[in-house]
Every structure is written in structure tokens, then in C-alpha cells.
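Below is one structure, written out as C-alpha cells, with a few remarks after it.
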Ligand SMILES: [Zn+2]
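Residue numbers (the numbering used here): 929 to 1358.
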């Protein structure tokens, strides 16, 4: 295992370049030459289309993923500026019941383990609509959310969660540290994958962290993404896809040590890593961290060949999903979608599935209702539409929530309706 990685400062992401493309790996700067998977051209997966926009041009960007031959960071080149993606982001975390339970449980666990109280200070990066920090607020633990999307940050403030509308990185961290408020806990859930410059983001954590503070970061884990064929979790908003080994190198480069890790079922399989200052020896690296690292090495994640096979399986999944839909349509069946998540848009655009296959999809988020899916222009309706039209098949696009959605949709059995998940392979649920 190479622990001697040197970060070339001239190679950090080329946000200023005229083409908008970076010259090399987001972490180590090495030129990117090896394709992980090429999903073709796709629109931004959270850019829902209004009825007025239906007749206008729509921007499509390459969804071509590379793996770095040196640090094995799986990544997109930067085609779109983060400002274009995140300033009016449609994703409100609070619309998922299971995600709220996950957040509440996390807060309980952290308070129990590290003893946070009314003298502690918790900072969440990309705090969304305050879905998580609201539980710290309820316990009387001082906290601050940092969230770049204006509309989402506003929703947090209305919940009583102090929120700063900003991108996080070295500069924001220095401003906060200058006010003398270092964080006992910094957390970032599903944010690390979405920052264009991972080095700047993690450096900011180092600056803002109190001497004995803890950083926890959750991100989708590369192992289940590869093993369970979750290619639809790749989209322009997710610049990077991490193994534990690569995450460890990125944190080490900024003087942070990963001392623990948990494997979580969220988003199809995520990691929650625990980091501390390299100088803080009060928290030794535990066996879970050692064990996962060994498992990744044994699984071939430090060899380039391992990454090369992924693309073939993705192509086969497309063929199988289209086979199912073509057969259903030939038999005269109706098919609707459930959910309008980002991952659904990658899947539908890559497979070329439009309203010729899916009559409509539904979503509980009122922000999305009445709009159309980017690229495919499938209409997004209120969930009541399912009861009204009684489709034969319902394709669950957020397959990671299939249990929760299966319960919500148990009534479709009344007319013999069947639920279908597309990933890891097309499956009609009993
Ligand atoms: Zn690299």
C-alpha cells in the first residue's frame, strides 16, 4: 500500500480552466487514462424540467467515469461548475422517513459515544434542510449547518437550525476558526462525493476541528457499487467514488487519521468513517478500520484490472431492463415509475427509457410534482395517481428504499400490480 503519496498542488482541480475540464486526478493529479464506465451523455440529474421548458434545448454532459491508476480514486472529470448544480438543488432530505430515522439514530449514538453536551459545538457540512442537526438542536447541543443551496438552507433556518449559506473549504474553515469556534464534531453525509476539490474540503475539516475533535463522513462505498452493479448512483453531482483505502490517503494528506469505520446499508451500502487529528493519540485506530482495509486489498481494489470489468456488467443490465420493458409493453401491460431520484435519471437516460416505456412516475416531494424528469421528460405526478390508474408494473427507481416503498405500495396487490426493481438486476418483487 502506497502511503507516500505526494499531492501536487498544481494539479488540484482546474476549476478555472476554459474548458471546465480538470487536467488530472482530483486527489493526486495523475493524468486520467483508464475508463471505469462510460454512461454516455446525460443531463444534470436534479435539473427537473417545467412544462414551460419542455420545448427548449436541454444541456447534456458526458457521464464518463475514470479510475486513477495511482490512487484508485474513481471519478468524473469536471464538466459542470458546482454553482450550476447546487444553488437551487431540489433534494430535500426530510422527504425520506428512513433517512430521518438514520439521522436521529446517528445523533443518539454520537452523543452516547463521545458525550456531547451544551458546551460542545457540532458543525455539519452540506447540512441540507436541517434534517439531522434538528436532533442536536432538540438536545440543546450548539450546532451550525453549512449548506450552499439557498432554497434548502432556508428550509433549515425555518426549522430553527442555524445555517450558513456557503460552500465549505479551506477559506470558510479559516473564517470560522478565526471567530475562535473550533468544532468538537464535524460531520458530512453524502457531501464528500459532491465536492469538486476533495483536498480543499478535507483541509477545511482539519482547520475547523478542535484538538480532540472527531470528524465523521458518510459516502457510498465503492465495493457495493461495483459488486451490486449500482451504476445508477453515478451522476454529475457525484464527482468521486471512494474505497476506504483511497479515503484514508485523502485524509492522511491533510493530517487526519481514520480511526474507525462503520458499514451502513444506506444508499445501497455506505461507509461512515471516523477521523481525528494525526497528533491526537487518544483514539487508536481500531480493528474495524484494519479489517476493512485488508478486505479491500484482498478484493483487488489496489489493482487496476479489478476496475476494468465493471463496464461489461453495466451494459448487460441495460439489455436486461430493456428486455423486460419491451416484453411488458408487447403484452399490453402498463408500467409506471415510483420516485424521481437522481439515480433514476442516470438509469433512464443511459437505457433510453422515456414515456414510451414508463407512462409517468410519482414522487412525494411537492417540489418535483408537476415537473418532468430531465432528459427523458417523463411526467412526475402525485403518488395518488397510482391508485387511480392501477398500473400492472411499478418500477421502483430509488431501489435502496425498496422496503419502505414496498410497504407504502402494498395496496397495488388489490389489482394484481407488481413492483419491479432495476438494480442489481431486473427483479419482479413477490
Ligand atoms: Zn489519483
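In this text, a Cβ means the ideal position worked out from N, Cα and C, and glycines have one as well.
Exposed unless 16 or more other CB atoms sit within 10 angstroms - verdict on residue i
i            : result
residue 1046 : exposed
residue 1088 : exposed
residue 1220 : buried
residue 1324 : buried
residue 1134 : buried
residue 1339 : exposed
residue 1193 : exposed
residue 1236 : exposed
residue 983  : exposed
residue 1335 : exposed
residue 980  : exposed
residue 1001 : buried
residue 1254 : exposed
residue 1025 : exposed
residue 1102 : exposed
residue 1198 : buried
residue 1111 : buried
residue 1086 : exposed
residue 1214 : exposed
residue 1331 : exposed
Inter-residue Cα distance where the pair is residue i and residue j
i            : j            : result
residue 1306 : residue 1266 : 12 Å
residue 1218 : residue 1056 : 32 Å
residue 1240 : residue 1208 : 45 Å
residue 1282 : residue 1109 : 50 Å
residue 1060 : residue 1049 : 14 Å
residue 1153 : residue 1177 : 20 Å
residue 1234 : residue 1165 : 25 Å
residue 1058 : residue 1114 : 15 Å
residue 1243 : residue 986  : 25 Å
residue 1294 : residue 1312 : 13 Å
residue 990  : residue 1277 : 12 Å
residue 1179 : residue 1247 : 39 Å
residue 1131 : residue 1082 : 27 Å
residue 1076 : residue 1157 : 31 Å
residue 1204 : residue 1280 : 45 Å
residue 1212 : residue 1184 : 13 Å
residue 1094 : residue 1051 : 13 Å
residue 1035 : residue 1042 : 11 Å
residue 1071 : residue 1358 : 45 Å
residue 1064 : residue 1073 : 11 Å
Best match in the options for proximity to residue i [C-alpha to C-alpha]
i            : options                : result
residue 1268 : 1087, 971, 976, 1111   : 976
residue 1202 : 1260, 1092, 1147       : 1147
residue 999  : 961, 1313, 980         : 961
residue 1228 : 1199, 1174, 1249, 1242 : 1174
residue 1069 : 1038, 1242, 1276       : 1038
residue 1187 : 1195, 1162, 1161, 1216 : 1216
residue 1257 : 1319, 1230, 1308       : 1319
residue 959  : 978, 1036, 994         : 994
residue 1315 : 1343, 1066, 1191       : 1343
residue 952  : 974, 1104, 996, 992    : 996
residue 1231 : 964, 954, 1042, 1063   : 964
residue 1238 : 1098, 1190, 1097, 1151 : 1151
residue 1091 : 1104, 956, 1098        : 1104
residue 1359 : 1205, 1250, 1260, 1226 : Nothing about residue 1359 can be reported from this structure: the residues present for the chain run from 929 to 1358 only.
residue 1066 : 1044, 1145, 1345, 1223 : 1044
residue 1079 : 1099, 1054, 1062, 1223 : 1054
residue 1349 : 1196, 1136, 1181       : 1196
Host alpha helix (DSSP H) of residue i (start-end)
i            : result
residue 1293 : Segment: none, residue 1293 is in no alpha helix (DSSP H) and carries neither H nor E.
residue 1152 : 1150-1155
residue 1084 : 1078-1086
residue 1235 : 1232-1236
residue 1063 : 1061-1066
residue 1038 : 1025-1042
residue 1136 : 1126-1136
residue 1220 : 1215-1226
Bounding residues of the beta strand (DSSP E) (the contiguous stretch that carries residue i)
i            : result
residue 1198 : 1198-1205
residue 1006 : That residue, residue 1006, is in no beta strand (DSSP E); it is neither H nor E in DSSP.
residue 1276 : That residue, residue 1276, is in no beta strand (DSSP E); its alpha helix (DSSP H) goes 1270-1279.
residue 1053 : 1050-1053
residue 1074 : 1071-1074
residue 1285 : Per DSSP, residue 1285 belongs to no beta strand (DSSP E) and is neither H nor E.
residue 969  : 962-970
residue 1184 : 1184-1192
heavy atom of ligand 2 below 7 Å from residue i C-beta
i            : result
residue 1292 : Ligand 2 is absent from the structure shown, which contains only ligand 1.
Min CB distance residue i to chain C below 8 Å
i           : result
residue 964 : In the structure shown, chain C does not exist; there is a single protein chain.
- Are the segment 1117-1126 and the segment 1165-1172 touching, with three or more C-beta to C-beta distances below 8 Å? They touch, by the three-pair rule.
- Task: Could you say if the segment 997-1010 and the segment 1022-1040 meet the contact criterion of at least three C-beta pairs nearer than 8 Å?
- Result: Touching, no, given that fewer than three Cβ pairs across the two stretches are closer than 8 Å.
- Message: Counting beta carbon pairs with one atom in the segment 960-971 and one in the segment 1133-1149, are three or more of them shorter than 8 Å?
- Response: Segments in contact, no.
- Task: Kindly confirm or deny that the segment 1293-1305 and the segment 1271-1283 touch, where touching means at least three C-beta pairs closer than 8 Å.
- Result: With contact defined as three or more Cβ pairs closer than 8 Å, the segment 1293-1305 and the segment 1271-1283 are in contact.
- Query: Are there three or more Cβ pairs, one per stretch, closer than 8 Å when the segment 1308-1318 is compared with the segment 1288-1297?
  - Reply: The answer is yes - the segment 1288-1297 touches the segment 1308-1318, with three or more Cβ pairs under 8 Å.
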